[in-house]
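The opening residue of the sequence shown carries number 0 in numbering that gives the first Met the number 0; numbering runs sequentially from there. Even glycine gets a Cβ: it sits at the ideal position worked out from N, Cα and C. As the structure is a prediction and not an experimental result, all values here were calculated from the model. To keep things clear, I will list the structure first and then write my remarks on it.
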Amino acid sequence: MTAKPVLRSPRRRLAGRGRLRERGSVTAEAALVLPVLVVLLTVAVGTMSAVTAQLRCVDAAREAARAAARGESTQAAVELAVLAAPVGARVAVDGGAERIVVTVTAEVQIGGGLLPAVTVRGEAVARPEPTGPDTVPTGASP
């Protein structure tokens, strides 16, 4: 008995050659896409940290403005703001008889210092509360 040679169709041979040419293309595509994904992830995390720092600045300014409006000293209001603000934040209190303005500013590093720092700022305004024995709260009867 003689064995017949197995003939492959021309299509199969061409398909096989195409696969050889495409070999490694997934690696090349991954090499191009991975750095882009890393940059996008870094920017996303940096944006989240900047937004978080900005919210902390607003909260710190609001807390300090409330304290100053209640009649606490400027130093006490600044200390409250420093406790609530991001590390290294600057606090400014500008007060008068009509209104008190507290501004909290902080620098946020994005991407571990790979990208430029972003400055975030929070500001709060409060009206000083009346103090003293002769003052009656609004809406209360004497």
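Review point. Among T73, C56, G70, which residue has its Cα nearest to the Cα of A84?
Key: In the sequence shown, counting from the first residue as 1, residue 84 sits at position 85. If we check each option's Cα against that of A84, C56 comes out closest.
**Study point:** Nearest-angstrom Cα separation, counted from A63 out to L39
**Key:** The residue labelled residue 39 in the question sits at position 40 within the sequence shown. The residue labelled residue 63 in the question sits at position 64 within the sequence shown. The straight-line gap from Cα to Cα measures roughly 36 Å.
Exercise for review: Enumerate, from N- to C-terminal direction, the unbroken alpha helix (DSSP H) stretches of 4 or more residues contained entirely within the region 50-129.
Suggested key: 73-83
**Study point:** Contact belief for A60 with V103 at Cβ below 8 Å, rounded distance in angstroms
**Key:** On the sequence shown, position 61 is the one that residue 60 refers to. On the sequence shown, position 104 is the one that residue 103 refers to. So it is a contact: roughly 5 Å between Cβ atoms.
Check your understanding: Should L114 be labelled buried (16 or more other beta-carbon atoms within 10 Å of its own) or exposed?
Key -> Your numbering for residue 114 matches position 115 in the sequence shown. Exposed, by the Cβ-count rule.
Review point. How many angstroms separate the CA atom of E97 from the CA atom of T41?
Key: In the sequence shown, residue 97 corresponds to position 98, counting from 1. In the sequence shown, residue 41 corresponds to position 42, counting from 1. Rounded to whole angstroms, E97 to T41 spans 45 Å at the Cα level.
Practice item. May I have the straight-line CA-CA distance separating E71 from L33, to the nearest angstrom? Key: As a position in the sequence shown, residue 71 is number 72, starting the count at 1. As a position in the sequence shown, residue 33 is number 34, starting the count at 1. Going from the Cα of E71 to the Cα of L33 covers about 54 Å.
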